[in-house]
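Engineer: Sharing a structure below in structure tokens format, with a few things to ask.
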Amino acid sequence: MAPTTTKSATKAKPAAATAGVAKKRGPGAKRANAKNAMIKMQAYFQENRPKYKHLTFKEQQKELGKQWKASPENPKNNA
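So for the sequence shown, the UniProt record's numbering puts the first residue at 1; every next one is plus one.
Here's what the structure looks like:
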């Protein structure tokens with residue numbers, strides 16, 4: 001009686017002509033980077049909000065935004 005499953009030999013892949021070259025990022029990479037940047041910004045705002053207790057929320061946001069743009073924690077400043 002013959003076996004019910006067949007065994008297929010795995011073929012070795014030939015060396016790619018582009019070995020060592022960075023591959024193109026997937027379609028979700030840009031979105032993931034933006035999401036991570038937003039998370040870092042929100043954490044920064046939460047961490048620094050007590051410095052501006054005397055201001056209204058809108059004014060706090062303005063000041064924190066100015067600080068965030070110049071902050072080393074901002075991923076845009078690391079690039």
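All C-beta atoms, glycine included, are put in the ideal place defined by N, C-alpha and C.
1. How would you write the range of the alpha helix (DSSP H) that Gly65 sits in, first residue to last?
2. Could you tell me the distance, in whole angstroms, from the CA atom of Tyr52 to the CA atom of Gln67?
3. Determine the extent of the alpha helix (DSSP H) in which Arg31 is found, giving its start and end residues.
4. Across the segment 54 to 68 and the segment 18 to 27, are there enough close Cβ pairs to call them in contact, namely three or more that are closer than 8 Å?
5. Can you tell me whether DSSP reads Lys24 as helix, strand or coil?
6. Which stretch, first to last residue, makes up the alpha helix (DSSP H) that contains Asn77?
Structural biologist: Answer, in terms of the structure:
1. Phe57 to Ala70
2. 12 Å
3. Ala29 to Asn48
4. no
5. coil
6. Pro75 to Asn78
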